[in-house]
Structures are given as structure tokens and as C-alpha cells.
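Notes follow once the structure below has been shown.
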Amino acid sequence: MQDVVIVTGASSGIGAATARLLGAGGACVVVNYKSSKSLAEGVVADVEAAGGKAIAVAADMGSEADILRMFEETDRAFGPLTGLVNNAGVNGPKHRTADTYEFQETMDILAVNTVGVLIACREAIRRMSTKFGGKGGSIVNISSIGALTGSPGRFIHYAGSKAAVDTMTKGLAVEVARDGVRVNSIRPGMIDTPIHAKAGQADRVREFAAQNPLGRAGLPEEVAEAIVWLLSDKASLVTGAVLDVMGAQR
Numbered sequence: 110m111q112d113v114v115i116v117t118g119a120s121s122g123i124g125a126a127t128a129r130l131l132g133a134g135g136a137c138v139v140v141n142y143k144s145s146k147s148l149a150e151g152v153v154a155d156v157e158a159a160g161g162k163a164i165a166v167a168a169d170m171g172s173e174a175d176i177l178r179m180f181e182e183t184d185r186a187f188g189p190l191t192g193l194v195n196n197a198g199v200n201g202p203k204h205r206t207a208d209t210y211e212f213q214e215t216m217d218i219l220a221v222n223t224v225g226v227l228i229a230c231r232e233a234i235r236r237m238s239t240k241f242g243g244k245g246g247s248i249v250n251i252s253s254i255g256a257l258t259g260s261p262g263r264f265i266h267y268a269g270s271k272a273a274v275d276t277m278t279k280g281l282a283v284e285v286a287r288d289g290v291r292v293n294s295i296r297p298g299m300i301d302t303p304i305h306a307k308a309g310q311a312d313r314v315r316e317f318a319a320q321n322p323l324g325r326a327g328l329p330e331e332v333a334e335a336i337v338w339l340l341s342d343k344a345s346l347v348t349g350a351v352l353d354v355m356g357a358q359r
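Quick note: to get our numbering, add 109 to the position in the sequence shown (first position is 1).
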């Protein structure tokens, strides 16, 4: 059976690298994006050039209606789902302390990073679980080093949203363990992706790379390797795990 995998937030960074790697393995990949259509279409072309199949699907991961539509488009395009990578995420503008946070800003972060992840997991389980007639599958949720540190003075709301992802991962893994679905989480450290510039911190990668025991930031492709392994049968005993991919960064 050919792998059919949805990768959210796949127009750049870790998501794009994951989509390309899946394509190299012959998978059918749904390249989700919110607004960067041209970038997503470029990733689709890369997946197809590597030997896989792909479609680009616009969906706001903070909208249940968009999430439902994305899964329905996947059903029509490729058939039974085998994997989900919850990679899409948003952060607040620049780093600051909690006394300056705004309510709507915080709710927007939670909508995408936490609630959207859970709703996407729900839809994947409804399709992959043997309880619902599926043939099993794997979910990989992308967390953050912030779930460990709390990101004081920077992004406490973002860190909290990612800590919730780790907790949900552990609970879901137990819930669906006997239904053929594995659920794991990856906590990347400092990875050189566009999210930092979008948050107004273009120099953040260089700043934190110097503090990493390896002396450098990670690459999206390095995280993608871990994601694709967790999706595969090679990780058949691994579920409910939270894997740190951060070069011993703390």
C-alpha cells in the first residue's frame, strides 16, 4: 500500500523538507499551506521530481472547517490516509514578557498550535484507526524546545502551546495503541527555518547556534529524517515518545 501523508505547514522549513523526503520514498504527499501558494507548488514539484505524488492544499490549521476540507481533499485525491505530520505553527511578534501579551494573539497561537493539532489528529484517527475500518497509521506532532524551557522573556504562550502538544501526544498514543495508530512527538531545538524571521527575530538562529553544544543550528532536513523514520514501520515499537532533535541543546 502506497503511503499517503498529510504534512501541515509544508511550504517551507521542516514541513517542506519532510514532504520532499517522503516524495523520495514514493509517497503521496499533501502539501498544506496557509497563504504561500507559490512556495507550496514548488514543494509539490520537488516531490514529484523525486518520484512521489503530491497536491497543494490551502488550509488554515486554526480553522476546523479548513481542516475538515483538507482531509476530504486528501481522501478524494489519494485514498486511505496512512500518516499525518502536524508541523504548522505560529508564534507571537518578537520576544517579550507575559505582561504585554494580548488575548487574541494568545488565542490565535493556541488555535493553530494546540487545538488545530488535536482536531487534525481526530480526523486522522477516524480514517486510520482499525476501530473505524482503517488499516492503521502514524501521527507525528511537531513540538519545540520551548516546551522544555518555557521560553521566559520570549514566547511563553508559544511554549505552553507546544507543551500541550507533548501531553496530548502521550494521551493519544495510549488511546489508539490497540487500533493500529502510533502517535509521537518531536521537539526540535534551534532549526534554521523562516519562522524566526516571521517573528521578527532574523538573528535568533545565529544567537542560539553559538549556545548549542554542537556549535550550530539544526537543518530542516535533519528533523525531516527523524519524522520520516517515526512515520515508517521501522519505528513500529515507538509510540507515545517525545524525541528531542536539538543537538543536546537545553
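Heads up, the beta-carbon is just placed ideally off N, CA and C, and yes, glycines get one too.
None of these values were measured; they are calculated from a predicted model.
Backbone CA spacing between residue i and residue j [nearest angstrom]
{"i": "I164", "j": "D208", "result": "42 Å"}
{"i": "S270", "j": "A159", "result": "34 Å"}
{"i": "S238", "j": "G259", "result": "33 Å"}
{"i": "L352", "j": "P297", "result": "8 Å"}
{"i": "G124", "j": "V249", "result": "12 Å"}
{"i": "L281", "j": "E150", "result": "32 Å"}
{"i": "E214", "j": "A229", "result": "21 Å"}
{"i": "V199", "j": "V221", "result": "7 Å"}
{"i": "H204", "j": "A333", "result": "27 Å"}
{"i": "G245", "j": "A233", "result": "10 Å"}
{"i": "V113", "j": "F187", "result": "7 Å"}
{"i": "V354", "j": "M277", "result": "19 Å"}
{"i": "I218", "j": "H266", "result": "7 Å"}
{"i": "V224", "j": "L340", "result": "22 Å"}
{"i": "A268", "j": "R325", "result": "22 Å"}
{"i": "L148", "j": "Q320", "result": "31 Å"}
{"i": "F317", "j": "M299", "result": "7 Å"}
{"i": "I251", "j": "I336", "result": "9 Å"}
{"i": "A126", "j": "E331", "result": "9 Å"}
{"i": "N195", "j": "A154", "result": "21 Å"}
Beta-carbon proximity list for residue i, same chain, < 8 Å, skipping 5 on both sides
{"i": "A344", "result": "S247, R291, N293 and W338"}
Burial state of residue i, where buried means 16 or more other Cβ atoms lie within 10 Å
{"i": "Q111", "result": "exposed"}
{"i": "Q358", "result": "buried"}
{"i": "M216", "result": "exposed"}
{"i": "V283", "result": "exposed"}
{"i": "L346", "result": "exposed"}
{"i": "F212", "result": "exposed"}
{"i": "G192", "result": "buried"}
{"i": "T348", "result": "buried"}
Residue i, DSSP secondary structure in three states
{"i": "S147", "result": "helix"}
{"i": "G280", "result": "helix"}
{"i": "R325", "result": "coil"}
{"i": "K203", "result": "coil"}
{"i": "I254", "result": "coil"}
{"i": "A186", "result": "helix"}
{"i": "N222", "result": "helix"}
{"i": "A167", "result": "strand"}
{"i": "V285", "result": "coil"}
{"i": "D112", "result": "coil"}
{"i": "V249", "result": "strand"}
{"i": "L227", "result": "helix"}
{"i": "R291", "result": "strand"}
{"i": "V138", "result": "strand"}
Residues near residue i by beta carbon distance below 6 Å, same chain, minus five either side
{"i": "A133", "result": "A159"}
{"i": "L323", "result": "G356"}
{"i": "A128", "result": "V116, A119, V138, V140, V152 and V156"}
{"i": "D182", "result": "The question names Asp, but residue 182 in the sequence shown is Glu. Within the same chain, E182 has close Cβ partners V166."}
{"i": "D275", "result": "S252, A256, S294 and V351"}
Nonlocal neighbours in the same chain, by C-beta distance under 7 Å from residue i, ignoring five residues either side
{"i": "G122", "result": "T302, P303, I304 and P329"}
{"i": "A272", "result": "A256"}
{"i": "K240", "result": "D288"}
* To do: Please determine if the stretch 168–178 and the stretch 137–144 are in contact, where contact requires at least 3 C-beta pairs separated by less than 8 Å.
  => yes
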